[in-house]
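Protein chains in written order, with the numbering used here: chain Y, 942 to 1053; chain D, 2 to 114.
Single-structure report; data block below.
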């Protein structure tokens, strides 16, 4: 079934550790996005990529980095995790910047 | 003022009821409006998107936009228990198409049999 695959599904991580959340899509979409979802705050954009080789900052980029080496993969890295990064992380993609976004099922991340 | 505001609910209705979900927004430049449905422990799923004012219908769902009041609505007719989910409105930020979406915090809907 075509769509977005995120891994891991959930993770508990010690503060200060490095963590990479994986996102792969098989729809050949050009644009990809990372959001975090927190109770009472909704979904907030962390980083995005319009095409392979380009990335941009969203609303809450601090403490996160991304790369887009190819069309299908868009990993999100926390270089040194802090408890405030405890959240549910969603990856999304769209055919282009003016097309609706489609989401994966998320990674639940707890930083202790 | 938040760019998009949405009542968090929960909104509880009996099966078969007509449901009205609403969002208000602050930026009059917004052109596109979207509704997503999110089941527990799942990602948001696009339900409908509309451009400009007026109504758009898709089966039991109708999306309505009132740009003069900066108000968008999603109506669900003949609601079913399977409609129980959180509904998120989403609007592109600063007239950039769909690229950067600003989401409401979501309204949780519970449809009881």
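Note that the Cβ used here is the ideal one computed from N, Cα and C, for glycine as well.
Treat the numbers as computed from the prediction; the structure is a model and nothing was measured.
### Query
Considering only the beta carbon of each residue, do residue 1016/Y and residue 47/D sit closer than 7 Å?
Here residue 1016/Y refers to the residue found at position 75 when the first chain is read from its first residue. Here residue 47/D refers to the residue found at position 46 when the second chain is read from its first residue. No. Outside cutoff.
### Per-residue contacts from residue 1017/Y into chain D (C-beta, under 8 Å)
To locate residue 1017/Y, count along the first chain from 1; it is residue 76. The contacting residues do not exist; residue 1017/Y stays about 15 Å from chain D at best.
### Query
Which of the residues in the stretch 22–52 of chain D, read from start to end, lie with their CB under 9 Å from any CB of chain C?
Among the chains of the structure shown, chain C does not appear; the protein chains present are Y and D.
### Message
Given this structure, state the Cα-to-Cα distance separating residue 31/D from residue 64/D, to the nearest angstrom.
### Response
As a position in the second chain, residue 31/D is number 30, starting the count at 1. As a position in the second chain, residue 64/D is number 63, starting the count at 1. Going from the Cα of residue 31/D to the Cα of residue 64/D covers about 16 Å.
### Query
Ends of the beta strand (DSSP E) at residue 979/Y?
As a first step, residue 979/Y is located in the first chain; it is residue number 38 there, counting from the start. 972–979 is the extent of the beta strand (DSSP E) around residue 979/Y.
### Query
By how many angstroms is the C-alpha of residue 1038/Y removed from the C-alpha of residue 13/D?
On the second chain, residue 13/D is found 12 positions in, with the first residue counted as 1. On the first chain, residue 1038/Y is found 97 positions in, with the first residue counted as 1. Distance between residue 13/D and residue 1038/Y, taken at the CA atoms: about 36 Å.
### Message
Rounding to the nearest angstrom, what Cα-Cα distance links residue 984/Y and residue 998/Y in this structure?
### Response
Within the first chain, residue 984/Y is the residue found at index 43, counting from 1. Within the first chain, residue 998/Y is the residue found at index 57, counting from 1. Straight-line spacing of the CA atoms in residue 984/Y and residue 998/Y works out to 15 Å.
### Contacts around residue 78/D, its chain only, beta-carbon distance under 6 Å, and the 5 residues preceding and following it disregarded
Within the second chain, the letter at position 77 stands for residue 78/D. Within the same chain, Cβ atoms closer than 6 Å to the Cβ of residue 78/D are found at 19, 61, the five residues on either side in sequence being excluded.
### Query
Which term fits residue 1023/Y, buried or exposed, when burial requires 16 or more other beta carbons within 10 angstroms of its beta carbon?
For the purposes of this step, residue 1023/Y is identified with residue 82 of the first chain, where counting begins at 1. For residue 1023/Y, the number of other beta carbons within 10 angstroms of its own is below 16, and it is reported as exposed.
### Query
In its own chain, which residues sit with a C-beta less than 6 Å from the C-beta of residue 889/Y, not counting the 5 before and 5 after it?
The question about residue 889/Y has no answer, for chain Y in this structure spans 942 to 1053.
### Query
In chain Y, which residues lie with their C-beta within 8 Å of the C-beta of residue 106/D?
Along the second chain, read from residue 1 onward, the residue named residue 106/D stands at position 105. Within 8 Å of the CB of residue 106/D, the CB atoms of chain Y belong to 981, 982, 983, in sequence order along the chain.
### Task
Confirm, please, whether the CB-CB distance from residue 4/D to residue 103/D is below 7 Å.
Residue mapping note: residue 103/D aligns to position 102 of the second chain, counting from 1. Residue mapping note: residue 4/D aligns to position 3 of the second chain, counting from 1. Judged by their CB atoms, residue 103/D and residue 4/D are nearer to each other than the 7 Å cut-off.
### Where the beta strand (DSSP E) containing residue 1001/Y begins and where it ends
Numbered from its first residue, the first chain carries residue 1001/Y at position 60. Looking at the DSSP string, residue 1001/Y is not in any beta strand (DSSP E), and its letter there is neither H nor E.
### Task
Classify residue 15/D as buried or exposed, calling it buried when 16 or more other Cβ atoms lie within 10 Å of its own Cβ.
For the purposes of this step, residue 15/D is taken as residue 14 along the second chain, with counting starting at 1. By the 10 Å Cβ count, residue 15/D comes out exposed.
### Task
Following the continuous beta strand (DSSP E) through residue 92/D, name the residue where it begins and the one where it ends.
Mapped onto the second chain, residue 92/D falls at position 91. 86–93 is the span of the beta strand (DSSP E), which, as asked, contains residue 92/D.
### Task
Could you tell me whether the Cβ atoms of residue 89/D and residue 22/D are closer together than 7 Å?
Counting from one through the second chain, the residue named residue 89/D turns up at place 88. Counting from one through the second chain, the residue named residue 22/D turns up at place 21. For residue 89/D and residue 22/D, no; Cβs fall outside 7 Å.
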